[in-house]
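Asker: I have a structure here, written as structure tokens, and I will follow up with some questions on it.
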Amino acid sequence: MTDGEGLRERKKRETGTRIWRTALDLFTERGFDHVSVAEIAAAADVSKMTVFNYFGTKEDLVIAPMMNHVGDVVRAVRERAPGESAVAAVRRQFLAMIEARDPSVGLNDDPRALQARHLVVSTPVLFQRASVAFLAAERELAQALAEEGGDAMLAAVAAAQLTGARHALINEHHRRILAGESALSVAADAVERTEQAFAQVEHGLKGYPGPA
């Protein structure tokens, strides 16, 4: 039990974790399309309604943790300090997440996290769901930049570059860990790689966006 967590909250958290782990195991064993929510509920010893109370859709059983971070890049830009460029804000946020070993940037070699990642990239409906969500976040970022007085087309280009740099770094972290490296090993040069990636973006986005 975590500090300040009551019995009810602990039981709720444990139930959600049990449902999620059960779903991952069944999906991995038989394939996402061949497992029903009813079967997951039975294996987790809960009702089908309970599953949907914790996870709104069958897809959420895998990608819900990922969806919590879809808007990170938008928040970094909207909440940046006065005078700070968009690229500097996104880079700063990403470096802070590396320092915190945040699983959302791919620095997680927990078997369950790897299990979920594999399911997303190997299951078309999950991959599409995740892709649509991240494309929506990219469009939101473009809108946020355009609202500062920038040209809408150039704002879209900037948003694509910023989100692209993040995705490339995260995908590289996942690739290396899935290839057998530890998260600790990957994190050792993650800062340097992040600086390189955003320096490349900054070469074309230096100071972007400028004064309105």
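Here the sequence shown stands for residues 29 to 240, numbered as in my numbering.
Where a beta carbon is used, it is the ideal one built from N, C-alpha and C, also for glycine.
(1) With a Cβ-Cβ cutoff of 8 Å, do Val-153 and Glu-87 count as a contact?
(2) Once you ignore the five residues that flank Met-29 on each side, which residues in its own chain have a CB closer than 7 Å to its CB?
(3) To the nearest angstrom, report how far apart Ile-205 and Ala-158 are at their CA atoms.
(4) Helix or strand or just coil, what does DSSP make of Val-118?
(5) Would you decide whether Ser-213 is buried or exposed? Buried here means 16 or more other CB atoms lie within 10 Å of its CB.
(6) What number of angstroms, rounded off, separates the C-alpha of Val-148 from the C-alpha of Phe-155?
(7) Quick one: measure Cβ to Cβ for Leu-104 and Ala-117, integer angstroms, because I've assumed they're closer than 8 Å.
(8) Start and end of the alpha helix (DSSP H) containing Lys-86?
(9) With a CB to CB cut of under 6 Å and the five nearest residues on each side skipped, what residues in its chain are close to Glu-42?
(10) Can you give me the Cβ contacts of Ala-172 inside the same chain, cut-off strictly under 7 Å, excluding the 5 residues immediately before and after it?
(11) Should Leu-163 and Ala-187 be called a contact, given that it needs their Cβ atoms to be closer than 8 Å?
(12) Considering Cα atoms alone, identify which of Ala-161, Ala-128, Arg-145, Val-133 is closest to Met-95.
(13) Check each candidate in Val-74, His-62, Arg-119 and name the one with the smallest Cα separation from Leu-190.
(14) Inspect the beta-carbon positions of Val-115 and Phe-122 and report whether they are closer than 8 Å.
(15) Please determine, among Val-98, Asp-53, His-97, Lys-40, the residue with the shortest C-alpha to C-alpha distance to Val-74.
(16) Could you tell me whether the Cβ atoms of Arg-129 and Ala-215 are closer together than 8 Å?
(17) In chain order, what residues of the same chain lie with their CB nearer than 7 Å to the CB of Asn-136, ignoring the 5 residues before and after it?
(18) Among Ala-66, Glu-209, Val-98, Thr-78, whose alpha-carbon lies nearest the alpha-carbon of Asp-138?
Answerer: According to the structure shown:
(1) yes
(2) A caution first: Met-29 carries a pLDDT of 49, below 50, which makes its placement in the model unreliable, though a value can still be read off. Contacts found: Arg-38.
(3) 20 Å
(4) helix
(5) exposed
(6) 5 Å
(7) Residue identity differs from the one stated: residue 104 is Ala in this sequence, not Leu. 5 Å between Cβ atoms; contact.
(8) From DSSP, Lys-86 is part of no alpha helix (DSSP H); its letter is neither H nor E.
(9) none
(10) Val-102, Val-105, Arg-106
(11) no
(12) Ala-161
(13) Arg-119
(14) no
(15) Lys-40
(16) yes
(17) Ala-211
(18) Glu-209
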